[in-house]
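In our numbering, the protein residues as written are 230 to 408.
One structure is given below, encoded as structure tokens.
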Amino acid sequence: MKKVLVKDILHAKEKRFFLQKKLLQKYQQSLIVINLNIPGAKKNKKLYQIFFNKVVKPKWWFFLQKQQLKSKIMLTQELKDLAGIGLIIVYQENYPSFLKILKKKFLYLEQIEKNFMLVDIDLIDPLHRFISRIDLQQLPRNCFLCSQPAKICAIQKKHSTENLIFFVDSLIIKALEQI
230 MKKVLVKDIL HAKEKRFFLQ KKLLQKYQQS LIVINLNIPG AKKNKKLYQI
280 FFNKVVKPKW WFFLQKQQLK SKIMLTQELK DLAGIGLIIV YQENYPSFLK
330 ILKKKFLYLE QIEKNFMLVD IDLIDPLHRF ISRIDLQQLP RNCFLCSQPA
380 KICAIQKKHS TENLIFFVDS LIIKALEQI
């Protein structure tokens, strides 16, 4: 198997950016982008695919249905490349105030579903602006292994990639054992 390089992951992320841009231009609606938050270079192992399909997607669809948000979905597209596994949704809603409410609901989902600490849910308005935690006066995401903000740990390389991957894989295996 070919070794995955950082430049390859960045290239895949760039392609995703252009896909987002294309969908925003075509539909002129908001996007919901769901990605697994996986450390390291191997972001689409079979284990992660199974976790996404058997745990994340069913809970995600149930959440949308329960919140009565499913009816505004115009298009869904699976993502699987060197940047990881995910889903992009064209969502029929443009009002900034509603998008912020929606983002708050997604942050709530991250809090109540332990497995969703491994999921990034991005909300992008039709002008390709991200609705962020900061926009909602929310604290940044915490590190998997300690209580520090994740970005600080990543910049300072506080934890080894191996320890992070071990934590993620253990959490995923435990989640899969419970279904």
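Cβ coordinates follow ideal geometry from the N, Cα and C atoms, glycine included.
query	result
Identity of the residue in L265, W289, P325, K274 nearest S259 by Cα	P325
From K244, I238, I261, residue whose alpha carbon lies closest to that of I353	I261
Range of the contiguous beta strand (DSSP E) that encloses N264	259-265
First through last residue of the alpha helix (DSSP H) which encompasses L253	235-256
Span separating the alpha-carbon of D310 from that of E391	21 Å
CA nearest to the CA of A270, picked from L328, K251, K232	K232
Segments of 4+ residues assigned as alpha helix (DSSP H) that fall wholly inside the stretch 312-358	325-341
Option in I314, A312, I360, I318 with minimal Cα separation from K329	I360
Delimiting residues of the beta strand (DSSP E) encompassing L308	302-310
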